[in-house]
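Which chain is which? The protein sequence lines are Z and H, in order.
Residue 284 in my numbering sits at position 284 of the first sequence, and the numbers go up by one each step.
Position in the second sequence (first residue = 1) + 1000 = my numbering.
One structure is given below, encoded as structure tokens.
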Amino acid sequence: MRLSRDKNSFKISVGPVHPALKEPIQLNCLIAGEKIKSVDFELSQAHRGIEWIATRRNPIQILYLAERICGICNICHTISFCTAVEKIAGIEVPARAQYVRTMGAELERIHSHLLWAGVAAHELGFDSAMHYTWKAREKVLDVIELLSGNRITKGIPTIGGVRRDFEEKNHAKIIEAVEYYRSVFGKLKAIFLDDPVIKSRTKDIGVLTKKDALTLCAVGPTARASGIARDVRQDEPYAAYPDFGLKAITPDQLTGEIKGDVFDRIVVRLLEVAQSADILEFCVKNMPGGKIVYEEKPIKLLAQLKGVHGEATGRLEAPRGEVFHYVKLVGEESPYSWKVKPPTYSNLLPWIPMLEGEQVADIPIIAASIDPCMSCCNRAVVAENNENVLNHDMLHRLSVEKTENIRGQLA
Amino acid sequence: MNAKNLVRAMQKKLGSKIKEVRIDNAVHKAKKKYTIPSVWLTIEKEGLRPFVRELCILHPAPHFVVISGYQVGSSIELIYHFSLNYAKQFSELAVNVKIVLSSEKPAIPTITDFILGALVSERETQEMLGVKVEGIPDGRRLFLPKNFPKKKFPWRRDKTGVGNMVRDLHRVKK
């Protein structure tokens, strides 16, 4: 929203590099003393134009382009694009491939949520908790490397299935990771949910009411923490989720209440790590045999897609929320139109009610609490020279000082 | 509210403003098999606000997803993507509404007074396709930089598109 300044307030720019996740977004805050009065955000100065590039590539090439939309939740974009194309062409994905896709997506969710938890701990000044969380994250990255050959981008999904199987000989390693995450869950819960200092820094901070979350169309853990049990894996299940019968996680399942604050967003993400472990175990135990792809030869597949007309959408639940792809094919080599809606796109407006009325030192943790992904949503920002800019170090110092004060008071 | 009831209710409300109706039933199969319905409507520009108003009556809080859009010849097609019946297992209904505009001075009314969450997408539609959103509460650019040429719209396919800018990068004046 446009900021209108009066003589009792002044404007500070947080960014251009995001204070929490070191990603490019600028938050312009109008403050009166320590209190944030209103908030505006500025996005791109370097839009990558991925959708435009895609209208000059064939669907197989787009798989790799889609995977590079986001450095964290990359498999979600690929599966979403594949789903849309499969719907248009009437391609049936083999059941085994659906299970491989599900496992890839859940491994990604664990690593994304733990990455976020580490960043949140760092922003609050708990660097030992950050290192512990990121040490735990290494386990899932090792499993992804074993299964796909890469630690982050996987190159697994393709149109009509998956390129690589998650073979039975590797299932023991997946189960080992599942057991590991169950064993560290208690400690993560104790660090993030039982610590009185973290509670003081996150409870009743950055509140997003259910009404605001609905009006502003929030998605993912941000919406679920405000009490909207919306999860694409439950509402319109894809891949192997119909077999699992997932139920969306809301914070009241653990705490008995829903406040929609930063604490509730931590609760949802931690519970989802445990849920992902359950889904992985289910997939390993119930994985069907058979083919992994509808058509093995990409040239033959491309020839088939070249004759296809139609439009469809692909939706799925990425770690940060709903990913949506719209694809229109008109019988040419490249799609006529491709629109990507990442989760952060929907979670930008909810930032405004979360930040308004809070303190400057709370900006990093509130901004980080939606788990913003600017590589999905936006690219880079340049600050104007005449603006007051709070850079990452200054803001981080403010946040850590606030934690130290609270720790001193509680000691 | 299922797909057929929604279409019936909208036809009753909008009458001839609805030009085309399609209900897609995609079959999803893993071990279990189920059908995912989605509604595709083509409506006149004047029907957009009555449509969204009716959607907000039929459902307490319709989820707005995004506006996608592209140019075909001398017309611009916008598709508003919504979803209903969320937060229940196997029940979500995707509703996609297409509006065809002329590429000469295209304009569309805002829907942010019904669903404020549409603001980001309306700002994007304005800057990417050059479609004027009438009544938008905040019409500034969002994704494009401030120094991007004013008459260039990246999603257009005519001379106002960015094809030449990409090909002749050395000639681009900011």
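In this text, a Cβ means the ideal position worked out from N, Cα and C, and glycines have one as well.
Among the options, nearest to residue i - alpha-carbon criterion
i         : options                                       : result
Z:ILE159  : Z:ILE366, Z:THR255, Z:ILE53 and Z:LEU302      : Z:LEU302
Z:VAL119  : Z:PRO364, Z:LYS187, Z:ILE152 and Z:GLN409     : Z:PRO364
Z:VAL360  : Z:ARG96, Z:VAL219, Z:ILE205 and Z:ARG151      : Z:ILE205
Z:GLU333  : Z:LYS339, Z:TYR345, Z:PRO350 and Z:LEU305     : Z:LEU305
Z:LEU329  : Z:GLY321, Z:LYS341 and Z:THR313               : Z:THR313
H:ASP1113 : H:PRO1106, H:GLY1135 and H:SER1102            : H:GLY1135
H:VAL1162 : H:GLY1047, H:ASN1002 and H:LEU1129            : H:LEU1129
H:SER1038 : H:VAL1072, H:VAL1007 and H:GLN1126            : H:VAL1007
Z:PRO24   : Z:SER9, Z:LEU63 and Z:PHE41                   : Z:PHE41
Z:PRO350  : Z:LEU280, Z:VAL219, Z:ASN170 and Z:ILE156     : Z:VAL219
Z:ASP264  : Z:LYS341, Z:HIS122, Z:LEU193 and Z:ARG164     : Z:LEU193
H:ILE1018 : H:LEU1041, H:GLU1127, H:VAL1052 and H:SER1103 : H:LEU1041
Z:ALA172  : Z:GLU281, Z:ILE406, Z:LYS341 and Z:ASP393     : Z:GLU281
Z:ALA32   : Z:LYS7, Z:GLY408, Z:LEU43 and Z:ALA54         : Z:LYS7
Z:VAL93   : Z:GLU167, Z:LEU254, Z:ALA239 and Z:GLU67      : Z:ALA239
Z:ILE91   : H:LYS1029, H:PRO1154 and H:LEU1119            : H:LYS1029
H:VAL1133 : H:LEU1048, H:PHE1148 and H:VAL1166            : H:LEU1048
Z:ARG48   : H:GLY1117, H:VAL1166, H:HIS1170 and H:THR1035 : H:VAL1166
H:ASP1138 : H:GLU1104, H:PRO1154, H:GLY1117 and H:MET1001 : H:GLY1117
H:SER1016 : H:PRO1106, H:ILE1043, H:VAL1172 and H:HIS1170 : H:ILE1043
Distance CB(residue i)-CB(residue j) smaller than 8 Å
i         : j         : result
Z:THR250  : Z:ARG233  : no
Z:CYS70   : H:PHE1064 : no
Z:CYS414  : Z:ILE152  : The question about residue 414 of chain Z has no answer here: the residues shown for chain Z are numbered 1 through 411.
Z:VAL308  : Z:ILE88   : yes
Z:THR403  : Z:VAL197  : yes
Z:ALA95   : Z:VAL327  : no
H:SER1068 : H:LEU1101 : no
Z:THR222  : Z:ILE370  : yes
Z:HIS396  : Z:GLU123  : yes
Z:TYR336  : H:TYR1086 : no
H:ILE1108 : H:LYS1045 : yes
H:GLU1122 : H:ARG1141 : no
H:PHE1090 : Z:PRO237  : yes
H:LYS1004 : Z:ASP235  : no
H:LYS1151 : H:THR1160 : yes
Z:ILE50   : Z:LEU355  : no
Z:ILE156  : Z:VAL262  : no
Z:VAL284  : Z:GLY161  : no
H:VAL1120 : H:LEU1078 : no
Z:ALA413  : Z:ILE62   : This structure does not reach residue 413 of chain Z, given that chain Z is present from 1 up to 411, and the question cannot be answered.
Z:ARG57   : Z:PRO319  : no
H:ILE1111 : H:VAL1052 : yes
H:PHE1153 : H:GLU1124 : no
Range covered by the alpha helix (DSSP H) that runs through residue i
i         : result
Z:GLY104  : 95–124
Z:PRO221  : 220–225
Z:TRP52   : 50–54
H:ARG1123 : 1119–1129
Z:ARG201  : 196–202
Z:LYS300  : 298–306
H:ALA1087 : Per DSSP, H:ALA1087 belongs to no alpha helix (DSSP H) and is neither H nor E.
Z:ILE253  : What sits at residue 253 of chain Z in the sequence shown is Gln, not Ile. First-last of the alpha helix (DSSP H) with Z:GLN253: 252–255.
H:LEU1006 : 1003–1014
H:ASN1025 : Premise fails: H:ASN1025 lies in the beta strand (DSSP E), 1018–1029, not in any alpha helix (DSSP H).
Z:HIS131  : 127–148
Residue i - containing beta strand (DSSP E), residue span
i         : result
Z:HIS77   : Counting along the chain, Z:HIS77 falls outside any beta strand (DSSP E), though it belongs to the alpha helix (DSSP H) covering 74–89.
Z:ALA318  : 309–318
H:GLY1163 : Looking at the DSSP string, H:GLY1163 is not in any beta strand (DSSP E); the run it does join, the alpha helix (DSSP H), is 1163–1167.
H:ALA1107 : 1107–1109
Z:VAL207  : Unbroken run through Z:VAL207: none, as it is neither H nor E.
Z:GLU322  : 321–330
Supposed contact pair residue j and residue i - C-beta distance, whole angstroms, cut 8 Å
i        : j         : result
Z:GLU260 : Z:LYS210  : With the sequence shown as reference, residue 260 of chain Z is identified as Gly, and Glu is not the correct amino acid for it. At roughly 7 Å, the Cβ-Cβ gap stays under 8 Å, so Z:GLY260 and Z:LYS210 are in contact.
Z:ASP243 : H:LYS1031 : 5 Å
Z:LYS11  : Z:LEU27   : Going by Cβ atoms, the distance from Z:LYS11 to Z:LEU27 rounds to 11 Å, so no, they are not a contact pair.
Z:THR133 : Z:LEU188  : 7 Å
Z:SER276 : Z:GLU106  : 4 Å
Z:ILE406 : Z:SER80   : Contact doesn't hold; Cβ gap of about 41 Å is too wide.
Z:ALA129 : Z:ALA136  : So it is not a contact: roughly 11 Å between Cβ atoms.
Z:VAL267 : Z:LEU254  : 5 Å
Z:ARG323 : Z:HIS77   : Looking at the sequence provided, one finds Val at residue 323 of chain Z rather than Arg. With a Cβ gap of about 6 Å, Z:VAL323 and Z:HIS77 count as contacting.
If you pair each beta-carbon of the region 1068–1085 of chain H with each one of the region 1093–1106 of chain H, do three or more pairs fall below 8 Å? Contact holds: three or more Cβ-Cβ distances are below 8 Å.
Spell out a yes or no on whether the region 1011–1029 of chain H and the region 213–231 of chain Z are touching, meaning 3 or more CB-CB pairs, one atom from each, closer than 8 Å. no
Report yes or no: do the region 1048–1061 of chain H and the region 281–298 of chain Z share at least 3 C-beta pairs separated by less than 8 Å? Taking one beta carbon from each stretch, the region 1048–1061 of chain H and the region 281–298 of chain Z have fewer than 3 pairs nearer than 8 Å; the two do not touch.
Cβ pair count under 8 Å reaching 3, the region 336–356 of chain Z against the region 105–124 of chain Z: no
Do three or more CB pairs link the region 284–295 of chain Z to the region 257–276 of chain Z at distances below 8 Å? With a cut-off of 8 Å, the region 257–276 of chain Z and the region 284–295 of chain Z do not count as touching, because too few Cβ pairs lie within range.
Across the region 178–189 of chain Z and the region 96–103 of chain Z, are there enough close Cβ pairs to call them in contact, namely three or more that are closer than 8 Å? No contact exists between the region 178–189 of chain Z and the region 96–103 of chain Z.
Spell out a yes or no on whether the region 141–151 of chain Z and the region 1007–1017 of chain H are touching, meaning 3 or more CB-CB pairs, one atom from each, closer than 8 Å. When Cβ pairs closer than 8 Å are counted between the two stretches, the region 141–151 of chain Z is seen not to touch the region 1007–1017 of chain H, the count staying below three.
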